[in-house]
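S.K.:
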Amino acid sequence: MFKKNPDWLGLVEMKVEGEELETFINRCVKNNVSLTEIRRTSNGKKLQATIRIADVKRLRNVATMMNVSVRFGKRRGLYLLTRQGRRRFGFIIGMLAFCALLVLLSQMVWRVDIEGASPGIEHEIETWAADIGLQPGKPQWELPPEAEIQQRVSEEVSGATWIGVEREGTIYQFHVVEQHLAEEEGEVAPRNLVATKNGVIRDIYVEHGQAEVDPNTYVEEGDVLISGLIGREESEEEDMEEIAAIGEVRAETWYHGTIELPLEIRAEVFTGERTRSLDLQLFGNEWTFWGRDADHLFERHHETTDQLRIPLYFTDIPLPVGRTSYEEKTTVTRTYEEADLTEIARQLGERQLLRNLDSDAKILSENILQEQRDSGTVKLSILYEVEEGIAREAPIKQGD
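So for the sequence shown, our numbering puts the first residue at 116; every next one is plus one.
The structure is reproduced here in structure tokens:
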């Protein structure tokens with residue numbers, strides 16, 4: 116009767132005051148009221164004890180029959196948890212619903228990625244995946260295992276040597292290795308290498324053929340640089356062997372450019388004002404449930420959208436919620452000094468020229484031939500010296 120009860124039963128502390136405490140305890144025992152942790156004061160008129168919450172009603176009946184005062188104190192155990200649970204029932208249901216929704220979303224397909232495939236093979240795999248239901252919004256438990264998907268796509272999609280299928284969280288990834296058939300090397304026809312433009316030779320490298328020019332030699336467009344005719348110099352043309360000339364020739368060439376810029380330049384810049392919105396994206400539809408319409412806030416704006424994701428230890432779970440950021444833009448007019456505008460025009464001309472040259476070409480120097488300022492504009496005439504390759508293939512003609 117006086118053994119310690121487990122906490123999970125639900126216990127409550129109490130204080131009892133009165134003259135007949137011994138009788139009170141005996142009455143409790145007779146009425147099956149379990150008292151534990153009994154502590155009495157020195158004067159014998161007060162005691163502290165712990166009872167099960169289930170015995171509180173019987174204890175009240177005993178107390179009403181005797182001249183004692185009972186006050187209840189701290190509660191502990193399962194009873195307290197269940198009571199708090201009833202008070203916060205809505206919150207607990209909401210948390211359980213959120214966890215259930217999170218688990219459900221983590222078992223959906225939210226993206227299908229295809230890596231290493233050409234556009235044709237990628238389209239074929241996308242069509243095949245859609246036919247078997249492998250597309251965003253599809254529950255993963257309705258899809259075959261990855262091994263079966265890999266076997267089927269390898270058998271049914273032609274043009275690929277190997278297709279691997281991997282699932283990472285809510286993302287299915289197709290890794291494609293395409294077939295690349297080696298082209299048979301045909302016999303190369305005899306040819307010369309000739310100049311594509313006028314220039315001064317800087318370097319010449321001959322792998323096959325015979326050099327027809329030397330460094331620091333001026334050549335014009337169409338001149339033979341490396342000949343495909345080889346043999347003794349004193350031999351007749353019909354006695355010389357025709358081969359495919361191979362080599363590289365770099366020369367100094369020249370370009371003339373004209374750049375014109377106004378002293379006042381209008382440009383779009385960000386004002387620093389921004390807003391955001393959250394959009395629910397399901398089954399190809401989109402609903403904005405938070406945020407303001409940027410079209411009413413800003414006259415012009417730039418927008419970027421990304422997908423919200425829940426980071427977990429092993430993967431990231433994408434949510435069907437898009438977050439869009441809107442940044443306001445405005446047009447400003449900037450006035451330049453003439454000296455600054457000359458430098459800007461020079462840099463602009465250099466960038467435009469490099470975009471039209473091969474990647475291995477480089478600008479050696481630039482000379483401003485003429486500079487004009489008129490009606491709020493600066494106009495530059497610039498001569499560029501460039502080093503680049505000037506050789507191209509050309510068939511061997513009689514008389515070369």
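Backbone N, C-alpha and C define an ideal beta-carbon position, used for all residues, glycine too.
Please state whether the Cβ-Cβ distance between residue 370 and residue 501 is less than 8 Å.
M.R.: On the sequence shown, residue 370 is found 255 positions in, with the first residue counted as 1. On the sequence shown, residue 501 is found 386 positions in, with the first residue counted as 1. Their beta carbons are under 8 Å apart, which means residue 370 touches residue 501 by this criterion.
S.K.: Return yes when the Cβ of residue 222 is within less than 8 Å of the Cβ of residue 259, no when it is not.
M.R.: Translated into positions along the sequence shown, residue 259 becomes position 144. Translated into positions along the sequence shown, residue 222 becomes position 107. Going by C-beta atoms, residue 259 is not nearer than 8 Å to residue 222.
S.K.: Return the Cβ separation of residue 343 and residue 327 in integer angstroms, given the expectation that the two are a contact with Cβ distance under 8 Å.
M.R.: On the sequence shown, position 228 is the one that residue 343 refers to. On the sequence shown, position 212 is the one that residue 327 refers to. Contact flag wrong, Cβ pair sits at about 10 Å.
S.K.: In the region 220 to 272, which residue ranges form an unbroken alpha helix (DSSP H) of at least 4 residues, counting only runs that do not cross its ends?
M.R.: 234 to 246, 261 to 271
S.K.: Which stretch, first to last residue, makes up the beta strand (DSSP E) that contains residue 275?
M.R.: As a working note, residue 275 is residue 160 in the sequence shown. First-last of the beta strand (DSSP E) with residue 275: 275 to 283.
S.K.: Mapping DSSP to helix, strand and coil, what is residue 156?
M.R.: For the purposes of this step, residue 156 is taken as the residue at position 41 of the sequence shown. In this structure, residue 156 counts as coil in the three-state DSSP scheme.
S.K.: Three-state secondary structure (DSSP) at residue 458?
M.R.: Here residue 458 is taken as the residue at index 343 of the sequence shown, counted from 1. Helix at residue 458.
S.K.: Specify, as a first and last residue, the run of the beta strand (DSSP E) that residue 421 falls within.
M.R.: Taking the sequence shown and counting its residues from 1, one reaches residue 421 at position 306. Here the beta strand (DSSP E) through residue 421 covers 416 to 426.
S.K.: Which residue wins for smallest C-alpha separation from residue 403, given the options 238, 393, 409, 411?
M.R.: Within the sequence shown, residue 403 is the residue found at index 288, counting from 1. For the residues 238, 393, 409, 411, the minimum Cα distance to residue 403 belongs to 393.
S.K.: With a threshold of 7 Å on Cβ separation, who are the neighbours of residue 361 within its own chain once the five nearest residues in sequence on each side are excluded?
M.R.: Here residue 361 corresponds to residue number 246 of the sequence shown, with the count starting at 1. For residue 361, the CB contacts under 7 Å within the same chain, skipping 5 residues up- and downstream, are 322, 323, 324 in chain order.
S.K.: CB-CB under 8 Å to residue 486, same chain, minus the five flanking residues each way: which ones, in chain order?
M.R.: Within the sequence shown, the letter at position 371 stands for residue 486. Around residue 486: 457, 493, 494, 495, 496.
S.K.: Give the secondary structure of residue 336 by DSSP, where H, G and I count as helix, E and B as strand, and everything else as coil.
M.R.: On the sequence shown, position 221 is the one that residue 336 refers to. It is coil, neither helix nor strand.
S.K.: May I ask which residues mark the beginning and end of the alpha helix (DSSP H) holding residue 482?
M.R.: As a working mapping, residue 482 is identified with position 367 in the sequence shown. Element bounds for residue 482: not the alpha helix (DSSP H) but the beta strand (DSSP E), 477 to 489.
S.K.: What do you get for residue 307, buried or exposed, if any count of 16 or more other CB atoms within 10 angstroms of its CB means buried?
M.R.: As a working note, residue 307 is residue 192 in the sequence shown. The residue is buried, with at least 16 neighbouring Cβ atoms inside 10 Å.
S.K.: In chain order, what residues of the same chain lie with their CB nearer than 8 Å to the CB of residue 129, ignoring the 5 residues before and after it?
M.R.: Start at 1 with the first residue of the sequence shown, and residue 129 comes out as number 14. Contacts found: 163, 164, 165, 166, 174, 185, 186, 187, 188.
S.K.: Any idea what DSSP makes of residue 118, helix, strand or coil?
M.R.: To locate residue 118, count along the sequence shown from 1; it is residue 3. Caution applies to residue 118, whose pLDDT of 44 falls short of 50 and renders its modelled position unreliable; the value that the coordinates give is listed next. Looking at residue 118 - three-state DSSP - the assignment turns out to be coil, as it is neither helix nor strand.
S.K.: Under 8 Å, with one C-beta from each stretch per pair, do the region 377 to 390 and the region 436 to 447 reach the 3-pair mark?
M.R.: yes
S.K.: Is residue 192 helix, strand or coil when you go by DSSP?
M.R.: Here the question's residue 192 lines up with position 77 in the sequence shown. Note: residue 192 maps to coil in three-state DSSP.
S.K.: If you draw a straight line from the C-alpha of residue 510 to the C-alpha of residue 363, how long is it?
M.R.: Residue 510 sits at position 395 when you count from the first residue of the sequence shown. Residue 363 sits at position 248 when you count from the first residue of the sequence shown. Their Cα atoms are separated by approximately 17 Å.
S.K.: For residue 314, which residues of its own chain have a beta-carbon under 7 Å away from its beta-carbon, when the five flanking residues on both sides are left out?
M.R.: By one-based count along the sequence shown, residue 314 stands at place 199. If we look at residue 314 and ignore the five residues flanking it on each side, its Cβ neighbours are 334, 366, 367, 368, 505.
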